[in-house]
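Numbering (this note's numbering), first residue to last: 2 to 279.
Using N, Cα and C, we set each Cβ at its ideal position, and we do this for glycine too.
This report concerns only the one structure given below.
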């Protein structure tokens, strides 16, 4: 879908007063289920396959796979399974062997409807973050990626981790800012601790304000941290003027973990009636 088509679909959802729902899809089955459920946007990027293989999402931020190669491969799994949904592909903007201007064209040719900045250097901090930013391998490259997509009229979802990043991405022309408050808690491989909901709401509010100061029309969605289940997401909706929610683990991993466990429990609770009668 073109940028105009995606934006039109999302604006129609906003006009009904409903929140936008975006979700990750690391395998075709999740993409098919989400597509049939009417999700607004699907996100396909390198952390998804690790997550759905039972490994922590942060595997995608370590040197255990070719991030852009993984997302290129995901096109063949996710896109055919989600014919009714725009799918946004993640680009690691600092890939030294695949310039992102070439990757943008390749992703659109594959059938992706937009681009996001995953893997993102925004998840790093400290001296490592300072070094990768200084050596043209960090977040400034991601801002440049989003700006190039805007120049080409390609739809984008941009992850940001603080107000400065949110403002930079809004200024670069992002359609949606994913206000990221850390690795999602819960389940078998989620974060073991996270900031409180109060702190997460405050951080999302600060990012939302910064983004809209640069572009009043930008959409902002909450993501990560303590927002693992719908009731917690309702809290951010009640406190912050966001436009929706972007879930990765909370859309594809946690529901599968719960469903499998509950289904096995139900089968385990059945009684062997014929054996008792015999």
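Subject >> Same chain, Cβ closer than 6 Å to residue 31, neighbours up to 5 away in sequence not counted >> reply: Shown here for residue 31: same chain residues with a beta carbon closer than 6 Å to its own, the five before and five after excluded, namely 253 in chain order.
Original post:
To the nearest whole angstrom, what separates the beta carbons of residue 226 and residue 186, a pair I think is in contact under 8 Å?
Top reply: With 8 Å as the limit, residue 226 and residue 186 qualify as a contact, their Cβ atoms being about 7 Å apart.
Subject >> Proximity test, Cβ basis, 8 Å: residue 190 and chain D >> reply: The question asks about chain D, but that chain is absent: this structure has only one protein chain.
Subject >> Identity of the residues DSSP links to residue 247 by a beta bridge >> reply: Note: residue 247 sits in a beta bridge opposite 23.
Original post:
To the nearest angstrom, how far is it from the Cα of residue 239 to the Cα of residue 37?
Top reply: Each residue's alpha carbon lies about 28 Å from the other.
Original post:
Residue ranges of each alpha helix (DSSP H) run of no fewer than 4 residues wholly in the stretch 81-119, ordered along the chain?
Top reply: Entirely contained in the stretch 81-119, the alpha helix (DSSP H) runs reaching 4 residues are, in chain order, 101-111.
Original post:
What is the DSSP secondary structure of residue 181, reduced to helix, strand or coil?
Top reply: DSSP places residue 181 in the strand class (E or B) of the three-state scheme.
**OP:** Starting from residue 238, trace the beta strand (DSSP E) both ways and give me its first and last residue.
**Re:** From DSSP, residue 238 is part of no beta strand (DSSP E) but of the alpha helix (DSSP H) over 231-240.
Original post:
What's the C-alpha gap between residue 244 and residue 20?
Top reply: Annotation: residue 244 to residue 20 spans about 6 Å, alpha carbon to alpha carbon.
Original post:
Got a sec, what are the start and stop residues for the beta strand (DSSP E) residue 273 sits in?
Top reply: Here residue 273 belongs to no beta strand (DSSP E), and DSSP marks it neither H nor E.
Original post:
Where does residue 17 fall in DSSP's three states?
Top reply: Looking at residue 17 - three-state DSSP - the assignment turns out to be coil, as it is neither helix nor strand.
**OP:** Can you give me the start and stop residues for the beta strand (DSSP E) that residue 157 sits inside?
**Re:** Counting along the chain, the beta strand (DSSP E) containing residue 157 begins and ends at 156-161.
**OP:** For the alpha helix (DSSP H) holding residue 43, just list the boundary residues, first then last.
**Re:** Run containing residue 43: none in the alpha helix (DSSP H); it sits in the beta strand (DSSP E), 42-45.
Subject >> In DSSP terms, what residue 192 is bridged to >> reply: In the DSSP assignment, the residues bridged to residue 192 are 186.
Original post:
What is the DSSP secondary structure of residue 5, counted as helix, strand or coil?
Top reply: Collapsing the DSSP output to three states places residue 5 in a helix.
Subject >> Which of helix, strand or coil DSSP assigns to residue 223 >> reply: Residue 223: strand per DSSP, three-state reduction.
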